[in-house]
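Q: Input: one structure, supplied below.
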Amino acid sequence: MSVPAIVILGEASIPVARQIQTASPEAAIYGLANRTQSADVTYNNFGETVRELFRA
């Protein structure tokens, strides 16, 4: 089974993403590389990342 992903676009979404992560501690927060600093995993291309996550 793959790890759940919480996908965000900006740093302002980190507090809500962390709250969601408390309900699913194994989830990883994916944040857009040039707009987030606190994400667990960063990405550069939103569409490509979402497609990859859905394939997993």
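For any residue, its number in our numbering is found by taking its place in the sequence shown, counting from 1, and adding 1463.
C-beta: ideal position from N, C-alpha, C; glycine also.
These numbers were taken from a predicted model, which means no experiment stands behind them.
1. Would you kindly check if the distance between the Cβ of Val1504 and the Cβ of Tyr1493 is under 8 angstroms?
2. Based on the DSSP output, what are the partners of Thr1505 in its beta bridges?
3. Distance, Cα to Cα, Ser1487 vs Val1466?
4. What is the DSSP secondary structure of Val1513, counted as helix, strand or coil?
5. Over the uninterrupted alpha helix (DSSP H) stretch that includes Val1479, give me the two end residues.
A: In terms of the structure at hand:
1. Numbered from its first residue, the sequence shown carries residue 1493 at position 30. Numbered from its first residue, the sequence shown carries residue 1504 at position 41. Their beta carbons are under 8 angstroms apart, which means Tyr1493 touches Val1504 by this criterion.
2. Residue numbering aside, residue 1505 sits at position 42 when the sequence shown is read from its first letter. Answer by DSSP bridge pairing, in chain order: Gly1494.
3. Taking the sequence shown and counting its residues from 1, the one referred to as residue 1487 is at position 24. Taking the sequence shown and counting its residues from 1, the one referred to as residue 1466 is at position 3. Distance between the alpha carbons of Ser1487 and Val1466: 10 angstroms.
4. By 1-based counting over the sequence shown, the position of residue 1513 is 50. In this structure, Val1513 counts as helix in the three-state DSSP scheme.
5. For this step, residue 1479 is matched to residue 16 along the sequence shown. Its alpha helix (DSSP H) spans residues 1477–1486.
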